[in-house]
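Number of protein chains: 2
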Amino acid sequence: MEPRQVNIGILGFGVVGGGLYRLLLKNGEEIERRTRARIRVAKVADVEWQRERPTYPPAEIRTTDALAVIQDPRIDIVVETIGGVGVALDLVRAALAAGKSVVTSNKEMIAKHGAELFDLAAASGVDLFFEGAVGGAIPIIRALKESLEASHLDLVLGIVNGTTNYILTRMMEEGRPFEEVLAEAQRLGYAEADPTADVDGLDARNKLAILCAIAFGLRASVESIHTEGIRSITPTDIQYAQQMGYVIKLLALGRRHDGRVELRVHPALVPRNHPLASVRGSFNAVFVHGDGCGDVMLYGRGAGDLPTGAAVAGDVIEAARNIINNCRGRVLCTCMADADVLPNEEVVTSTYLRLRVADRPGVLGKIATAFGEAGVSLASVIQLDTDHHTAEIVMVTHACPEGHLDTALASIEALDVVKALASRIRVMEQPAD
Amino acid sequence: MEPRQVNIGILGFGVVGGGLYRLLLKNGEEIERRTRARIRVAKVADVEWQRERPTYPPAEIRTTDALAVIQDPRIDIVVETIGGVGVALDLVRAALAAGKSVVTSNKEMIAKHGAELFDLAAASGVDLFFEGAVGGAIPIIRALKESLEASHLDLVLGIVNGTTNYILTRMMEEGRPFEEVLAEAQRLGYAEADPTADVDGLDARNKLAILCAIAFGLRASVESIHTEGIRSITPTDIQYAQQMGYVIKLLALGRRHDGRVELRVHPALVPRNHPLASVRGSFNAVFVHGDGCGDVMLYGRGAGDLPTGAAVAGDVIEAARNIINNCRGRVLCTCMADADVLPNEEVVTSTYLRLRVADRPGVLGKIATAFGEAGVSLASVIQLDTDHHTAEIVMVTHACPEGHLDTALASIEALDVVKALASRIRVMEQPAD
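Sequence lines, in order, name chains X and S.
Anchor point for the first sequence: position 293 equals 380 in this note's numbering, and the numbering is continuous, going up by one each time.
Anchor point for the second sequence: position 106 equals 193 in this note's numbering, and the numbering is continuous, going up by one each time.
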């Protein structure tokens with residue numbers, strides 16, 4: 088079979104667009120030998136070309152007119168690496184409507200507008216791929232949409248934000264507080280000047296909505312996902328967790344129950360022998376469980392020019408293969424229904440609690456009684472004196488509905504001997520052996 | 088789009104064939120909703136139907152005539168789960184020649200006859216899929232053939248044999264010797280009555296040949312792969328390794344150099360903070376590195392009826408999708424050349440050594456001199472007395488060509504003060520941070 092040329096247009100020449108471009112340039116020959124597709128970057132659009140970049144496309148393929156790229160009849164595949172849901176969304180809509188296959192790494196756009204865009208792609212009979220939207224280089228999207236499809240998946244558990252995992256890893260390994268490590272991460276380029284999307288869990292929430300759609304076939308609005316970030320995590324809690332055999336990670340969790348689904352993003356105590364516990368620094372991982380496949384985990388670089396560029400390039404190759412083989416649209420949207428999200432009070436989980444209490448006889452008794460009355464049983468209790476007047480009680484509950492715990496904590500916080508509920512962090516169960 | 092029926096014939100109704108059948112039965116509706124393919128098991132062939140099985144296909148689809156299944160014009164996909172390279176190979180040849188897409192979990196057949204079979208598949212314009220051949224449920228084959236294709240991969244590092252990983256994990260966690268743990272593994276069904284293929288590394292070798300072909304595009308004969316098993320691993324070495332921050336794993340390693348490739352299966356000391364170090368029990372994992380993707384690892388159940396059945400079922404779905412979309416053969420054989428395998432003496436590695444020596448002054452000096460003369464430098468040395476006459480020296484070398492180490496050890500073993508080279512185990516470098 089003769090190699091066939093496939094032309095792509097790249098919209099947005101930032102970190103990911105640049106990584107994609109360099110990779111296609113470097114490995115183009117090897118890709119052609121493996122796939123018989125000669126992938127040529129025909130046009131690159133960006134709003135400005137003055138900024139310094141590690142690589143620069145030749146002048147004759149640079150443009151500032153993204154719409155002209157979409158409308159160029161020679162272009163088969165449009166790659167969107169602009170990000171956000173403003174102009175990127177309009178351009179992707181236009182590209183799909185114009186009958187181009189689209190590859191994007193835009194998690195926010197897929198999380199919030201995936202349904203509409205997949206309908207558009209299906210109507211035009213083209214592909215819409217987004218491997219780069221979750222977990223950078225980790226091939227989790229294709230694994231879920233194709234390889235693991237024979238299994239009924241009931242659990243998706245991800246460390247999907249590299250910035251927060253980097254911060255938590257440094258906090259744990261160096262015993263330093265959140266603000267200090269965040270400031271350092273910002274200096275080193277691991278965290279943005281405005282870190283909100285990362286440290287408050289919003290980025291992970293977008294990715295969880297996508298994982299829920301492809302693993303469970305259920306569409307969930309990002310607003311329906313209970314979301315907590317890592318700002319409140321302290322070195323003290325990390326140290327207690329370590330003593331009990333856990334590490335603290337920001338998890339994106341989806342669990343399928345009969346007809347309903349649990350969706351939440353929050354820090355959690357992860358048992359040290361869980362495969363997710365060894366995911367350090369800016370690495371990401373997604374752990375899934377299904378009736379056939381059992382436990383499966385995919386691990387890799389969650390962000391960066393080349394890792395995300397590699398995921399996007401993999402999608403470009405796949406889209407090119409489908410063009411060559413005349414089978415665009417062979418993998419459909421996997422969503423079959425809207426997610427019926429379990430209310431938080433019905434979520435069953437074990438929880439780590441740290442209370443500051445008056446250092447007086449009988450305090451633990453009062454607290455334990457309040458737990459018992461709300462139907463919450465305790466798996467472990469440690470009491471430590473902090474000074475003459477205050478003691479710290481660290482407890483882990485057995486799994487119970489969060490609503491029961493809310494009730495227990497409301498009465499406990501009302502006790503005059505209780506000074507503060509310092510921490511409340513969910514605990515993951517042990518993995519299968 | 089209306090669902091389309093795709094008929095499959097299963098050859099061999101053992102562990103994997105049975106797992107596949109049960110999974111398709113259980114999840115058939117969900118698969119149909121996601122893919123629009125109604126996958127129907129039209130025939131199941133096995134040499135005998137008397138044996139007790141967890142599930143039994145209805146009498147009207149059971150047969151003992153495998154050739155009739157292949158020749159049945161209604162059957163679109165033939166699944167081979169017989170194993171070995173005898174009758175299985177003849178049947179797969181016949182199925183491909185008859186224009187059927189073939190799905191197999193037969194690692195030995197793909198490792199030894201993949202080239203011929205892929206040529207046959209290409210000539211017939213059909214698919215030949217083998218996700219179940221390496222790493223059970225782990226979607227490593229599709230990840231390498233499709234998702235990671237944009238990266239030039241230079242390293243594949245796998246824990247691909249569950250039996251040996253189970254044995255090494257138990258030896259480490261319980262401090263017990265190999266023979267005892269093997270006997271227990273055999274009782275529990277984790278090891279075969281004849282454990283040779285597993286414990287001597289032959290199974291891992293077949294899988295490494297496959298990984299080399301798909302990750303590097305290079306065909307290697309299994310005979311060209313340097314292979315050592317785990318019979319010589321002792322609790323003593325495991326304990327020393329732990330003290331130095333390592334765990335011992337049976338690794339299948341492929342590393343691409345300029346034009347040549349390093350291929351070897353052997354036990355190795357893996358740094359405790361390497362993602363592979365936390366792969367416990369019968370789990371498998373494959374770690375790869377590429378210029379674009381960086382470090383990527385896939386982890387999961389390496390064997391068993393449902394995990395391997397799920398991988399095979401995933402391939403069946405993919406083959407069905409290609410039939411429905413009229414694009415069989417869209418993913419080609421990725422082999423481009425024969426592997427030029429690096430001779431073992433040129434392989435550069437760090438090595439752990441344990442020597443039993445006479446407990447006399449000057450011994451360490453003689454040994455260190457012999458290393459120096461052969462150009463081998465030492466990273467660490469521990470000397471311990473074992474009794475009045477013998478001392479044990481545990482050393483880790485810096486990375487050097489194995490040929491240099493061979494020379495050094497030849498002169499060291501000839502020293503009258505050296506009683507025995509008790510252990511020689513390769514050491515993996517630290518992972519990237």
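Even for Gly, the Cβ is constructed at its ideal location relative to N, Cα and C.
Per the DSSP secondary-structure output, X:K336 pairs in a beta bridge with X:A355.
For X:A184, there is no enclosing beta strand (DSSP E); the residue is found in the alpha helix (DSSP H) stretching over 174-184. Residue range 102-122 is occupied by the alpha helix (DSSP H) that includes X:Y108. Distance from X:K130 to X:V156 at the Cβ level is roughly 5 Å; contact confirmed, criterion being Cβ atoms closer than 8 Å.
With contacts defined as CB atoms closer than 7 Å, S:R257 and S:V243 fail to qualify as a contacting pair. Under the DSSP assignment, S:D163 falls outside any beta strand (DSSP E); it carries neither an H nor an E label.
By the Cβ-count criterion, S:E218 is buried, with 16 or more other Cβ atoms from all chains shown falling within 10 Å of its own Cβ. The DSSP-derived three-state label of X:H485 is coil. From the beta-carbon of X:H239, the residues of chain S found nearer than 8 Å are K113, N114, E117.
By the neighbour-count criterion, in which a residue is buried when 16 or more other Cβ atoms sit within 10 angstroms of its Cβ, X:Y253 is buried. For S:S192, none of the residues of chain X pass the 9 Å Cβ criterion, the least Cβ distance being about 13 Å. Annotation note: the region 211-277 of chain S contains the following uninterrupted alpha helix (DSSP H) runs of length 4 or greater, listed N- to C-terminal: 249-261, 265-275. Taking every protein chain shown into account, the CB of S:V366 has 16 or more other CB atoms within 10 angstroms, so this residue is buried. In this structure, X:P362 and X:M331 do not form a Cβ contact; the two beta carbons are roughly 19 Å apart against a cut-off of 8 Å.
When Cβ-Cβ separations below 7 Å define contact, X:T142 makes no contact with chain S.
Closest in alpha carbon position to X:R408, among S:R447, S:A181, S:E236, is S:E236.
X:S234 has a beta carbon lying within less than 7 Å of a beta carbon in chain S.
Per DSSP, the beta bridge partners of S:M384 are X:Y386, S:F374. About 6 Å separates the beta carbon of S:A224 from that of X:G381, a gap short enough to meet the 8 Å contact definition.
DSSP places X:A280 outside both helix and strand once states are collapsed to three, so it counts as coil. DSSP places S:T473 in the coil class of the three-state scheme, outside both helix and strand. Looking at the DSSP output, S:Y439 shares a beta bridge with S:V483, S:I512. Of all residues in the region 373-397 of chain S, those with a C-beta nearer than 8 Å to a C-beta of chain X are G377, D378, G379, C380, G381, D382, V383, M384, L385, Y386, G387, R388, G391, L393, P394, G396, A397, reading in chain order. The shortest CA-to-CA distance from S:A270 to any of S:T250, S:P488, S:L502, S:L471 is the one to S:T250. CA-CA distance, X:R359 to X:L502, rounds to 34 Å. Put simply, the CB of X:T421 is near chain S, with a gap under 7 Å to one of its CB atoms. DSSP lists X:L98, X:T150 as the beta-bridge partner residues of X:A132. Excluding its 5 nearest sequence neighbours in each direction, X:D472 has C-beta neighbours in its own chain below 7 Å: D446, A478, listed in chain order. Within its own chain, the residues whose Cβ lies closer than 7 Å to the Cβ of S:G105, once the five positions on either side in sequence are excluded, are R140, P141, T142, D392, listed in chain order. Annotation for X:V399: the continuous alpha helix (DSSP H) segment containing it runs 392-411. Minimum Cα-Cα distance from S:T283 among the listed residues S:R318, S:P145, S:N412 corresponds to S:R318. The residues I499, in chain order, have a CB closer than 6 Å to that of S:I454 in the same chain once the five nearest residues on each side in sequence are set aside.
Close CB contacts of X:T395 within its chain, under the 6 Å cut and outside five residues either way in sequence, are with V103, S192, G219, G223 (chain order). Shown here, X:L502 sits in coil according to DSSP, grouped into three states, outside any helix or strand. Its chain contains V131, D133 as the residues whose beta carbon lies nearer than 6 Å to that of X:F100, once the 5 sequence neighbours on both sides are disregarded; these appear in chain order. In this structure, X:T484 is the residue among X:R443, X:T484, X:A153 with its C-alpha nearest to the C-alpha of X:F458.
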